[in-house]
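For the sequence shown, full-length UniProt numbering begins at 1 and goes up steadily by one. Worksheet: one structure, shown below.
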Amino acid sequence: MFTKKSHQDVKKSTVKIQDSKKDSTTRLKHLKIVLEHYDVDEAKNYFENNFSHVYFILYDNFILAENNLRQRELPFHLVHKAGREELEGALSLLEKVLCLLPELIGKRWQLHSLTRIFSKLLHSGNSQKLRAEAIRYFLLWYQALGDNATAEAHRMFATLVPGLPDTCIQSIGSPFKPKPFDVVTNISSDTGDFKMEDIMHHPNFNTTADSVKKVVVEQTPTGIMGKLANVSASIFHDTNALNPVQSVDIQPLLTANANEKIVDNETKYFFEILLDGMATSVTKIHWKDRSHAKAMRSFAFLLEKFKIYYLPIICPQFNHKNSLYKPNLELPVQHTILEDDFVHCRVILIKWVASYAHYMKKPGSEGGQPSSMTSTSSHQPHSGTPTPAASLHHEEETSFTVGHPSDSSRASSHDSTSITPHPSLESGGAEELVSEAAVRDVLCCWSREHVDFTVEVLRQGFLLPFSHAPAIRRVIALYKDWIQMNVAEIPPFLMESTLEPSGEPLAPPRRLRNDSYLGAVGRDNVMVRAGMQNVLQVFMTQAANVFVGGSGGPGAEPHLLDEQTDTCKRVLNIYRYMVMHIAMDASSWEQLLLVLLQITSLVLTKVPPKSKGYTLGGSLAPALFQTLIVTWIKANLNVAVRSELWQDFMELLTRLTHWEDLIKEWAKTMETLTRVLARHVYSLELSEATAEGRGRGRRPVPAPAPCRPQPLRPPARNAGKSRMSGESSRKEVARRLARARSDPHLNRHTDDTKDSSSVKPRRWYSLDSLRQSSQQEERDSASGSRSPSPAPSSGVESSSIKDSPLQIDLASDGGNVEWSETDSNTAVCSSGVGAPSGVGVVLGGTARGWLPDVACVLWRRMLAALGDPNALRDPQAHHNLFKYLVHLNATLIKISQNQTLNGNTEIHVPFNLVAGWCLEAEALPPSHRAGKLVALRLLCESTAAQAQGPGAPTSCSGRPHLAHLQLYQRALHHGLTGEDRSVVDVLVEHAAPRYLSLALDGYSLLLLDFVHASTVVLNSSDMGPSCPRTAAVTFLGSLLALPDELMNAPMLQPYPHQYNTVSCPDLKEHVLNIVVRVCRREGSAAARCAGACALAAHVAHLLAERAEAPRLPSYVTCLLQMLMMKNKTIAKVVSDAVLVLADYTDRIVELYPGLVEKIIKWICACLAQISSVSGRESVKPLAGSLLLCLAEYAVRCGPARLLAHREDGGSLLLLVFKVMAMLLRDLYDED
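Structure representation (structure tokens):
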């Protein structure tokens, strides 16, 4: 409320304002007093009732200020100060007029006078500060004119930013131009251009006058120039009929002073001001219609003109045909990104659109994590020097963490009840209008055309040079928040469209706050809905440009590569997040696969660089391969991937096998898929345990935790969700596996009498060995589910791949939003078909997730994803690949060894899938020597595993998985008899020890080959660990146990590439001589121990069979001599071997008189030799073994032989007592 005095002052001032006799300066002073006591609505009403007086005061004060600024008589600083104050007063009133009288201005009120004023204010000779203010005032006038704006006004708008080419003025139209009377955009088809015909019908125009003037606006290279032409002197109120104004050039009002700081890049500076003014001016104008829709229409008008005059210049690559509603999914190709003249303006535009299109979630808001784009200052009206919005100055470094949004964040993001529109979308004229809301609603809610404009501007960000990486990162952060739903409100275009239903049933659309908001924005909010899938496809396609855009060629600055690498990692993080957390349809999955194939093929060269850190491919290779392979697995669990895509995938990997990172990533994937195979096909749990105390039932696991090695054991079985219970018995699994048709060697033997419910937990096989291998697995996988990358870090490093780990869950049902260990056999598809009676999507069915047949198909396909290993030209890559295949075979052996413990023997482990590769490796050149040797090892180990698999028939001819038997034996023959010592060593080490125990068909053919190879090994001087001397002796010892009749069987002569057979009845004798020689002269302790054991076993066999063996005493003597060796480990082994012969003491006494006495004497002599040091820890085991051996023989000899007198007059018993007394005495002496 005003005081009485205030009311009187206002009345007086009102009278003085209307007094035309008062000077304009006084009237302006009183007008300010009136406005100080009026609110906005009262001021608007006053201006409308006194518009003529108000405008006269404005114009007269403007002319007065102009004249004072141009006076030359007074000192410059006095003129400048007084004129500037007068000009500021006039401009302040100009802003009031533009904001409070928009309806009059829209009817072209004072059109030509205002045109002249703005031509003076926008003159290129004015100071930058004045021109910046003039742009803000002009935008108020321009949007108030709206469709009634003249051609001169359009030209002035087109030339607000200096330095742009003239082509922007000559633009005849915009691709964005709406149709006539478009009810969606509420913009008329009439352009409102001012033509000469309009001037002729103007009421103030005097048709009889010869001299008329008009204002013509012209563009100069530095800005706007204006001049007067003949139109009508009466329009401008500053002329008279007697002395008309002559045609003169418009001069600048206020030039820059010496102290004013000049902006170097005027184009960038004024373009930034233009965008900021467009956004902040829409709510400054006080229309009678104060609705939000009116503000949106005002901004839409400015934006439409911006598209016409500025967009073609700033964004020459802008594609008007791209649409979010019909996405252009053409894959990007390799190109070089170069700087152009207007890239700085393009960066400003991109940041400007990204800032307003971001429905920001404030830090600390309930139910979610802070937004990736920190909140910038709101766009408030400027005071003082007009500067761009702070958000446009801010080179924002976004904080970007993909891998682990909080559970509450995900829950709130997907909760339909928490989704509300922007408050500005609700109707209500009394609600305070915010320019930020109006701009955002036009960009994201107004129409499909505007949404397409927003998305296409964001696409320009992915095409920027990497010297402007902050702008690219801002666009990435915006998409990241959209995809993760990390926004305060869901933009309407992210919601599913209900207007164009596809063949598949759509999920019910997410409701906004209520249906009342539809009245505020018309049908736009429904029409602009494109759906999350379209947004995902557009992002994954457009973002791929950052991978294929060159950073300027060889001469580019080094930091640009770092910026590109950082940007690419951010995009990869979002791709990985989509794979792990976003539900995608078939088209989105396929597009993501196509994009990953494209960028991988373009980024990674055929030849890896020597210094990977200096190339984009070298820096991204591990992350790219991991993302590609894991995405491929995830896609196949959710949708059916076309066979053509599989072919492209395999061709790409085959072409890039020279990359070491690919081999490593493929190996990790195969390790995880093997765990999946064990779990779903063989009912075995190979993965490590997670956190201590967590149950092993298939319950949801929120996140992988650090694990510890755990023994192999079967998965927990719940009564309600048992994998193999009831109808889903093992017979059903075998039936579905047959449907897979992925492995003809995965044989099944159905056993209808067995039920998984009868399986009881048992002690597992070789727990120690499994624990040992688990330590290696732990280094490669941080949890039971696959996480090849290091564990997620605790920080929020946006470009770190560690923060978005990819996982292949062992028991996932295939859904992406929540990957939990639920029973895959109970997974249901969208049509409601249950997995137990369904078929996986890989096989053309509808059941998603891991099923036995799916596990088999993906395991085998991924096994062959790299193609033929023997086609690798890089010897090191070939060697590494076969090394992993050996590791994989070891895991399959574990499965085979343990599958019998839970009664599951119907399905054999596919050992022989790699046999063909191993056999073909034999023909490789010498450069692949290392890989060939590993391939031979793998061939030997896989063949042995097949022959001893659970449930394998006793007849080798009945084993279809040993169809390569002949080729295997041929490879053995060539290798064992060849000249390559390395091949001989590998075959002796990995094939010889178990060869005889396998009893393969025709195994006796190669006996001479193995004996020959073993002899070669033992005769060599190589004592290194790589020489398999122990394995050679082990084979020879095993051969001594074969029946004598087998020695008459035909055997291949040990000549390479010859297949002549011969019988060798004296082979055992020959082998026995070799073993005795090993016992006497072998330098390897382990081999000598093996020889002693073999010789003792042979002696025991001869004694057990009572066979006549004249050389037996010499064999025993050889063993007794070994007791005296300085190597106490060998002596201990020999002592144990001699102890075995004690069981045959009676037969030794019967067949070989005097041999027992000799044995006892040798044992006594050995004890006497070590008696002085028998108390030492290193000798105690040997002393104990010898005493036990002595006692056994003494007891079994009997008293008669022990008491019998010898030639020296003593007896064996006396000798025994003496030795024992000596040991006791030495023991007491040490104590």
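All C-beta atoms in this analysis are idealised placements derived from N, C-alpha and C, irrespective of residue type, glycine included. None of the values given here were measured: they were computed from a predicted structure.
Spatial neighbours of residue i within its chain, please: C-beta separation below 7 Å, excluding the five flanking residues on both sides.
{"i": "Pro-1113", "result": "Tyr-1152 and Leu-1155"}
{"i": "Cys-1089", "result": "Ile-1130 and Val-1133"}
{"i": "Phe-157", "result": "Tyr-142, Lys-305 and Tyr-309"}
{"i": "Thr-387", "result": "Interpretation of Thr-387 is limited by its pLDDT of 34, a score under 50 that renders its predicted location unreliable; no figure is taken from the coordinates."}
{"i": "Pro-1065", "result": "Met-1047 and Asn-1048"}
{"i": "Phe-62", "result": "Ala-90 and Ile-117"}
{"i": "Ile-893", "result": "Ala-945"}
Rounding to the nearest angstrom, what Cα-Cα distance links residue i and residue j in this structure?
{"i": "Val-909", "j": "Ile-895", "result": "7 Å"}
{"i": "Leu-254", "j": "Thr-25", "result": "20 Å"}
{"i": "Ile-262", "j": "Ala-132", "result": "13 Å"}
{"i": "Ala-865", "j": "Val-630", "result": "13 Å"}
{"i": "Ala-1200", "j": "Leu-1039", "result": "39 Å"}
{"i": "Ser-725", "j": "Val-854", "result": "Any reading at Ser-725 must be qualified, since the residue scores a pLDDT of 38, below 50, and its modelled position is unreliable; the value itself is stated next. Going from the Cα of Ser-725 to the Cα of Val-854 covers about 20 Å."}
{"i": "Asp-926", "j": "Ala-935", "result": "The sequence shown places Pro at residue 926, not Asp. If I take the Cα positions, the gap works out to 14 Å."}
{"i": "Ala-1086", "j": "Leu-998", "result": "24 Å"}
{"i": "Leu-1123", "j": "Cys-1164", "result": "11 Å"}
{"i": "Trp-141", "j": "Thr-600", "result": "53 Å"}
{"i": "Cys-1079", "j": "Cys-1093", "result": "10 Å"}
{"i": "Arg-1176", "j": "Ala-1183", "result": "10 Å"}
{"i": "Asp-1143", "j": "Ala-1100", "result": "9 Å"}
{"i": "Ile-574", "j": "Phe-466", "result": "19 Å"}
{"i": "Thr-191", "j": "Ala-300", "result": "With a pLDDT of only 41 at Thr-191, under 50, the local geometry of the prediction cannot be trusted, and the value read off the model is given with reservation. Answer to the nearest angstrom: the Cα atoms are 14 Å apart."}
{"i": "Leu-1139", "j": "His-928", "result": "49 Å"}
{"i": "Gly-838", "j": "Asp-648", "result": "28 Å"}
{"i": "Lys-307", "j": "Phe-47", "result": "34 Å"}
{"i": "Gly-1198", "j": "Ser-1211", "result": "13 Å"}
{"i": "Val-986", "j": "Arg-937", "result": "6 Å"}
{"i": "His-286", "j": "Pro-102", "result": "7 Å"}
{"i": "Leu-443", "j": "Val-434", "result": "15 Å"}
{"i": "Thr-283", "j": "Leu-100", "result": "12 Å"}
For residue i, report the span of its alpha helix (DSSP H) as first-last.
{"i": "Cys-856", "result": "852 to 863"}
{"i": "His-928", "result": "Premise fails: His-928 is in no alpha helix (DSSP H) and is neither H nor E."}
{"i": "Ala-1165", "result": "1155 to 1170"}
{"i": "Thr-1145", "result": "1145 to 1151"}
{"i": "Met-650", "result": "643 to 655"}
{"i": "Ile-117", "result": "111 to 121"}
{"i": "Ile-301", "result": "Before going on, a small fix: residue 301 reads as Phe here, not Ile. First-last of the alpha helix (DSSP H) with Phe-301: 292 to 309."}
{"i": "Ile-1130", "result": "1128 to 1141"}
{"i": "Ile-582", "result": "First-last for Ile-582: undefined, no H or E at that position."}
{"i": "Leu-624", "result": "616 to 638"}
By Cβ distance below 6 Å, which residues in the same chain neighbour residue i in space, the five residues on each side in sequence not counted?
{"i": "Gly-277", "result": "Ile-135, Arg-136 and Leu-139"}
{"i": "Ala-256", "result": "Ser-127"}
{"i": "Gly-931", "result": "His-878, His-879 and Phe-882"}
Less than 8 Å between C-beta atoms, sequence neighbours within five positions excluded: which residues of the same chain meet that for residue i?
{"i": "Ala-258", "result": "none"}
{"i": "His-658", "result": "Lys-606, Val-607, Pro-608, Leu-872, Arg-873, Asp-874 and Ala-877"}
Pop quiz: residue i and residue j are said to be a contact at Cβ under 8 Å. What is the actual Cβ separation, rounded to whole angstroms?
{"i": "Val-1017", "j": "Val-984", "result": "7 Å"}
{"i": "Ser-1004", "j": "Ala-944", "result": "About 17 Å separates the two Cβ atoms, so there is no contact after all."}
{"i": "Val-333", "j": "Val-548", "result": "6 Å"}
{"i": "His-974", "j": "Leu-1006", "result": "The pair is not a contact, with the Cβ atoms about 11 Å apart (cut-off 8 Å)."}
{"i": "Leu-1103", "j": "Leu-1119", "result": "Incorrect: roughly 13 Å between the Cβ atoms, too far for contact."}
{"i": "Met-495", "j": "Arg-529", "result": "5 Å"}
{"i": "Leu-604", "j": "Gly-617", "result": "5 Å"}
{"i": "Arg-1029", "j": "Ser-1084", "result": "5 Å"}
Can you check the region 541 to 573 for any alpha helix (DSSP H) of at least 4 residues that lies completely inside it and give the ranges in chain order?
545 to 548
Going along the chain, which unbroken runs of the alpha helix (DSSP H) with 4 or more residues stay wholly within the region 1004 to 1032?
Taking only runs of at least 4 residues, the alpha helix (DSSP H) segments lying wholly in the region 1004 to 1032 are 1007 to 1019.
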